[in-house]
Each structure stands twice: as structure tokens, then as C-alpha cells.
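Using this note's numbering, read the sequence shown as starting at -13 and increasing by one per residue.
For every residue, glycine included, the Cβ atom is placed at its ideal position computed from N, Cα and C.
Read through the structure below, which is laid out as C-alpha cells, and then see the notes.
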Amino acid sequence: MSKVVYPDNILISLDSLLALRFRAANNLSKSRKKTSAVIAGNYASPIRGRGMDFSEVRLYQPGDDVRSIDWRVTARTSKAHTKLYTEERERPVLFVVDTGSNMQFGTKVAFKSVIAARLVGSLAWSAMVHGDRVGGIMFSGKDHEEIKPAGSKRGVLKLFRKMLEWNKANLENRNAETAGGYVDVAVRIKRVARPGSVVYVFSDFAQIDQKAERYFSSISAHCELIFVNIYDELEKKAPPPGRYLISDGQRFEKLTVANRKFSHALRKEFEKRDHELKSYCIKNGIRLLSVCTTDDLQQVLRVKLAQG
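Spelled out as C-alpha cells, the structure:
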């Protein structure tokens, strides 16, 4: 039996992910303020979640935050001194990727799973460039697999290979998924993500429930948690009434849009889920980035993600 070769917009290739490395140095650095090696006074790192290590003490300078004054040294020397801190290095960055059947879908540009993979690819290379350790969790339904954070190219490649493996398996075996997957993966994140970690969750969040939300709320208290909500244009707005041919690259089916009531109901359902997710994230201090499969991903990385 011949090996099935999928188009890159249905199942992304390792070569495509490797090619993203050449853009990594510019993805986020252009949109974020440059972080000084030594941070003191009222300067705060724009990268939330990264810890700070004590570096040294120096004489107080105008503009320093009084909260950074080392009062013991000040009392001993009779001169005001300020504590200096350096940014903690090798921060773990976890990429939690939903590879389930809902993500193996798309009507324009690419499948949601491919859009997620492209974003993961760019961000993982950027994390490596910044000296962070890259790891993650792949999940589908109640199944999940952890990739322990590792530094350098080794950690990135291991993440990519697992992501491709899981996406391919779910693309070729579209079984009904068991509810509760978000709970299981959230429990796992809570166990492995140490304070200060950055955790990206890539999904359409179609099956997230209140129990999972409680776990994610707990995670956001000690990690920088970012939800990347990926949706297809058809999920937001149905096409005009008519019959449409859809395909997964191998099989073809016909989709019938009967009337405008269907389109209206679809839009209302999308808006309801979107509002609920936004409200939940705002309430719990979770950064939310909504990405359509037709969006310019480089623009998303440069602008939307940097804005939070």
C-alpha cells in the first residue's frame, strides 16, 4: 500500500517547521521592548512570568524604585544602595497542543491543526533563541503525551516530531473523542509547570468545561498562561445557501447550507462561545489570542501576541 502524502496545508511537514527557524530571531523581538541584562529601579520586564535572580548591590541612582533599596547595606554604609536583578534564564516554555478531530478541519488556507503547528514552530524557535527550554504536551480526547522541556535545538525538534506524529495519527483515525480531555491535560500541566513557566495552549476550546477551567485558573496563578484560540471562517460565518464540496485531502463530501436561519444560528453560537471564553480569560488573568485560519500569522506574532 502506497504511503499517503498530504498537502502541507492539511498536515504540516517537518521541513516547513524547520524553515521557520530563520524568522525566529525577528518574530517577537521587533514588537517587544528590548530587555536590559540588568534590571533595577522602576523598570519591569515586558515578558511576564519570567523570574528574577538577585545580581548585586550598587549606589542608589535617581529614578530607582525605593522598593529596590537594600536597607541593610544602606544602614551599614550610611549611603543608599539599590538591589540589582538579572532575568532568570532557561525559563520553561510549554506548548500544549490540541490535535483532536476538531482541529483537523479548515475551509480556507489550512487546517486549524496546521495553523497551530505554524504558530508553535515560530514561537518554539523564538523561545530557543531567547535561551528558554522548550517542551510541551500533545493531547486528543483523554489521551496526552508529555515532552519534557529541553534546551537548544534538541528540545525544539523533539516537540516538532511529537506534534507531527499526533496530528498525523488523528488525521488518519478520526474517532469520536471522549469528553474530559481538557481536565486531564490541565491536571498534567499543573503538575509539570513550575512557577514562572510560560504555557501556551493551542486549541479551538470547543469542549472545554467548568472543571477544566478551574484547573486552568489555578495554573494561571503561578504561570504565564496564554490561550491561542484557533477557528475557521466557516465556524464564524456560514457561506450563502447552497451546496459545497468539502474534502480532507483524501475523501470528499457535500455540505448543504439550507437557509439563512442556519447561518444566523451558527454565528450566534460562535459569538456565545467566543464571549464566554473571553470573559473567563479576563476574569482569571489568562491572555487570549484568537486566530482565524486566514490571518497573516507573521502579523499575529508581531502585533497581536505582543499586545497580549
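Beta-ladder partner(s) of His250, from DSSP: Locating residue 250 in the sequence shown gives position 264, counting from the first residue. Paired residue(s): none; His250 is not in a bridge.
For Asp170, tell me which candidate among Ile(-2), Thr60, Gly127, Ile101 has the shortest Cα-Cα distance. Working through the sequence shown from its first residue, we reach residue 170 at position 184. When only C-alpha atoms are compared, the closest one is Gly127.
Give the secondary structure of Ser99 by DSSP, where H, G and I count as helix, E and B as strand, and everything else as coil. Working through the sequence shown from its first residue, we reach residue 99 at position 113. The answer is helix: DSSP assigns Ser99 an H, G or I state.
How would you call Thr63, buried or exposed, if buried means at least 16 neighbouring beta carbons within 10 angstroms? The residue labelled residue 63 in the question sits at position 77 within the sequence shown. Answer is exposed; the Cβ neighbour count stays below 16.
Within 10 angstroms of the Cβ of Pro225, are there 16 or more other Cβ atoms? Answer buried if so, exposed if not. Mapped onto the sequence shown, residue 225 falls at position 239. Pro225 comes out exposed.
Is Thr280 closer than 8 Å to Lys94 when the C-beta atoms are compared? Counting from one through the sequence shown, the residue named residue 94 turns up at place 108. Counting from one through the sequence shown, the residue named residue 280 turns up at place 294. Yes, they are a contact pair.
Residues that Thr68 bridges to, as DSSP identifies them: Within the sequence shown, the letter at position 82 stands for residue 68. Thr68 pairs with Arg44, Ile55.
Identify every run of the beta strand (DSSP E) within the stretch 115 to 181, keeping only runs that are complete inside it and at least 3 residues long; order them along the chain. 119 to 126, 129 to 136
DSSP beta-bridge partners for Glu210? In the sequence shown, counting from the first residue as 1, residue 210 sits at position 224. The partner list for Glu210 (beta bridge, DSSP) reads Val184.
My output table needs one value for Tyr(-8): the three-state DSSP class, helix, strand or coil. Taking the first residue of the sequence shown as position 1, residue -8 is located at position 6. Of the three classes helix, strand and coil, the one that applies to Tyr(-8) here is coil, per DSSP.
Residues that DSSP places opposite Glu239 in a beta bridge: Translated into positions along the sequence shown, residue 239 becomes position 253. Looking at the DSSP assignment, Glu239 forms a beta bridge with Ile232.
So what does DSSP say about Leu80, is it helix, strand or coil? Sequence index remark: in the sequence shown, residue 80 carries index 94 (1-based). Residue state, collapsed to three classes: strand.
Beta-carbon separation of Leu3 and Lys154 under 8 Å? By one-based count along the sequence shown, residue 3 stands at place 17. By one-based count along the sequence shown, residue 154 stands at place 168. No, they are not a contact pair.
Does the stretch 273 to 287 come close enough to the stretch 215 to 229 to have 3 or more Cβ pairs within less than 8 Å? yes
Kindly confirm or deny that the stretch 238 to 252 and the stretch 178 to 196 touch, where touching means at least three C-beta pairs closer than 8 Å. no
Given 8 Å as the limit, is there contact between the stretch 144 to 152 and the stretch 41 to 60, that is, 3 or more CB pairs closer than that? no
Note down, in chain order, each residue of its chain lying with its Cβ closer than 8 Å to the Cβ of Leu145, except the 5 sequence neighbours on either side. The residue you call residue 145 lines up with position 159 of the sequence shown. Around Leu145: Phe81, Val106, Ala110, Val120, Gly121, Gly122, Ile133.
Per DSSP, Ile205 forms a beta bridge with which residues? By 1-based counting over the sequence shown, the position of residue 205 is 219. DSSP, once it has assigned bridges, lists no residue as partnering Ile205.
I'd like to know whether the C-beta atoms of Ser204 and Lys176 end up nearer to each other than 8 Å. The residue labelled residue 204 in the question sits at position 218 within the sequence shown. The residue labelled residue 176 in the question sits at position 190 within the sequence shown. Yes; because the gap between Cβ atoms is below 8 Å, this pair is in contact.
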